[in-house]
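Taking it in order: structure first as structure tokens, then the write-up.
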Amino acid sequence: MRSARGSQARKDLPYRSCVGVMLINKDGLVFIGRRRSEADTATDGYSWQMPQGGIDPGEEPYQAALRELHEETSVRSVSLLAEAPEWYAYDLPSMVAGRAWRGRYRGQNQKWFAFRFEGNESEINIHQPGGGGHRPEFDEWRWEEMHKLPELIIPFKRPVYEKVVAAFASLSLHHLQASDRP
Numbered sequence: 007m008r009s010a011r012g013s014q015a016r017k018d019l020p021y022r023s024c025v026g027v028m029l030i031n032k033d034g035l036v037f038i039g040r041r042r043s044e045a046d047t048a049t050d051g052y053s054w055q056m057p058q059g060g061i062d063p064g065e066e067p068y069q070a071a072l073r074e075l076h077e078e079t080s081v082r083s084v085s086l087l088a089e090a091p092e093w094y095a096y097d098l099p100s101m102v103a104g105r106a107w108r109g110r111y112r113g114q115n116q117k118w119f120a121f122r123f124e125g126n127e128s129e130i131n132i133h134q135p136g137g138g139g140h141r142p143e144f145d146e147w148r149w150e151e152m153h154k155l156p157e158l159i160i161p162f163k164r165p166v167y168e169k170v171v172a173a174f175a176s177l178s179l180h181h182l183q184a185s186d187r188p
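Under this note's numbering, the first residue of the sequence shown carries the number 7, and numbering increases by one thereafter.
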């Protein structure tokens, strides 16, 4: 009975407002980073994700997306391709909910943006992001095909990634290659 009350109390908590960034290179591949956080039962080996982060008070989601991208990757050379039509939310699993954000939120409600990476890969710096002014979020990065992203993400975020991929599918390498065919 105690867990049922705890579960209900968690459902009464608000979502944390957040942005997510799909950074797409000239080849139609998407930037993903491997989270530096220690492996635990919550990550279960799924440590790859796209840049994301909270929206500061008074900040517009678009500005938050640019800021978070820079704080996590040092990237500034981008152009906006698309904005997801909706906000996408996920709930944290109970094993994480009590310790993430000091238990103040049930999960995140995210606004996603797709940006074209216009720079050189030497601009990407995950080890001293934002000119060294921010704590590194990732310890490794790579470019990946968009349709593969949901299977790489931690399971509780997977439904959001499926919606993001669907929203931005027309920007993918797969779609670009198909549209080039006669």
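Backbone N, C-alpha and C fix where the C-beta goes; we use that ideal spot for every residue, glycine too. Just so you know, these numbers come straight off a predicted model, no measurement behind them.
Quick one: grab the DSSP three-state call for Y1.
With the chain represented from 7 up to 188, any question about residue 1 goes unanswered, as that position is not in the structure.
Check whether the region 36-43 and the region 143-160 touch, using three or more Cβ-Cβ pairs below 8 angstroms as the test.
When C-beta atoms of the region 36-43 are compared with those of the region 143-160, three or more pairs fall below 8 angstroms, so the two segments count as touching.
Find out if the Cβ-Cβ distance for the pair Y94, V25 is shorter than 7 angstroms.
no
Does the beta-carbon of F174 have 16 or more other beta-carbons within 10 angstroms, so that it is buried, or is it exposed?
buried
Is the distance from the Cβ of V102 to the Cβ of P57 below 7 angstroms?
no
Classify K163 as buried or exposed, calling it buried when 16 or more other Cβ atoms lie within 10 Å of its own Cβ.
buried
Give me the Cβ distance between N31 and W147, rounded to the nearest whole Å; I'm assuming they're in contact under 8 angstroms.
So it is not a contact: roughly 12 angstroms between Cβ atoms.
Bridge partners of D97, per DSSP?
G113
Tell me whether the beta-carbon of Y111 lies closer than 7 angstroms to the beta-carbon of L19.
yes
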